[in-house]
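Peer 1:
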Amino acid sequence: MVSFYEWRKGGQARWQHDENQEQQKELAKGSENQSSQKRQQITQEQQAKNTVNHSKKIKSIIINWQKS
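Straight run, no breaks: the sequence shown in our numbering ends on number 155.
1) Quick check on the DSSP output: what are the complete beta strand (DSSP E) runs of length 3 or more inside the region 96-143, in order along the chain?
2) What's the gap between the Cα of S122 and the Cα of E132?
3) When you compare only the Cα positions, how much space is there between Q124 and K154?
4) With DSSP run on the structure shown, which of helix, strand or coil describes S155?
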């Protein structure tokens, strides 16, 4: 039969192990969210560049049209 002390110690170790697994899951979620946010940021930056380039093209077309 296991002594109360050893039983409690084992329970503590299991509880700590479960805590660690929970923390690992949270960290994994956090890194997924970060990479998702990074992708969104890159997409938004790309869209902003496209918008600027598009408006520059339109501006140059209008200027060229006015010159002719």
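Backbone N, C-alpha and C define an ideal beta-carbon position, used for all residues, glycine too. Values in this document were obtained by computation on a predicted structure and should not be read as measured data.
Peer 2: Working from what's here:
1) none
2) 15 Å
3) 45 Å
4) coil
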